[in-house]
Amino acid sequence: MLTRLIENAYAAGAYGLTGMVLMLLAFAVIDALTPGNLRHQLWADRNRNAGILVGSNIFAVAIIVAASIVASEGRLLEGLTYTVVYTFIGITVMTVTFFIIDLFTPGKLGEIVIEPTSHPAVWVHGITHIGIALIVSVSIL
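Each residue of the sequence shown is one higher than the one before, counting from 485 in my numbering.
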């Protein structure tokens with residue numbers, strides 16, 4: 485029983501750390517895609533648009549990480565590999581989608597995100613992140 489507890493605790497720590505790093509990577513990607521300092525937009529300016537986009541992106545990454553854990557069926561190294569590979573795929577598809585939506589819609593999405601007033605386009609893009617995460621996740625389950 486103690487051995488299993490230690491193994492499970494080790495796996496939880498490894499997945500938790502990996503998930504955290506991948507969420508930070510996703511945040512960095514959004515920061516690179518939007519003008520200005522995203523941290524300042526969120527915490528100092530309390531920008532809702534930035535909060536919606538970042539929140540949906542982090543939630544999307546968490547969905548992919550969770551699906552990768554389930555798909556690994558208890559094999560830690562395989563699960564961590566799945567987690568990194570499939571989350572990179574998800575982040576890449578979300579980034580490409582950002583550019584595609586930006587290309588075919590009026591205005592610049594990055595600039596809309598930093599506007600002080602709420603904009604429906606940010607909600608649409610946020611839900612797109614969740615949709616992409618669900619597609620990637622179901623593809624590996």
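Backbone N, C-alpha and C fix where the C-beta goes; we use that ideal spot for every residue, glycine too. From a predicted model like this one, the values you see are computed outputs, not experimental measurements.
{"Query": "So G563 and I575 are in contact, right, with Cβ under 8 Å, and what is the actual spacing, rounded?", "Result": "With a Cβ gap of about 18 Å, G563 and I575 do not count as contacting."}
{"Query": "Our contact map puts I598 next to T518 with C-beta atoms below 8 Å; I'd like the distance itself, whole angstroms only.", "Result": "6 Å"}
{"Query": "Start and end of the alpha helix (DSSP H) containing T473?", "Result": "Nothing can be reported for residue 473, as the shown portion of the chain is limited to 485 through 625."}
{"Query": "Confirm, please, whether the CB-CB distance from A512 to N541 is below 8 Å.", "Result": "no"}
{"Query": "Report yes if the CB atom of I624 is closer than 8 Å to the CB atom of A544, and no otherwise.", "Result": "no"}
{"Query": "What distance in whole Å lies between the Cβ atoms of N533 and V606, which are believed to be in contact at a cut-off of 8 Å?", "Result": "4 Å"}
{"Query": "Can you have a look at S556 and say buried or exposed, based on whether 16 or more other CB atoms are within 10 angstroms of its CB?", "Result": "buried"}
{"Query": "From this set, L526, I490, I548, V608, which residue's C-alpha is nearest V569's C-alpha?", "Result": "I548"}
{"Query": "Grouping DSSP H, G and I as helix and E and B as strand, with all else coil, what is L506?", "Result": "helix"}
{"Query": "Hey, quick one: how far does the alpha helix (DSSP H) through A544 stretch, first residue to last?", "Result": "532-556"}
{"Query": "Can you tell me whether H524 is helix, strand or coil according to DSSP?", "Result": "helix"}
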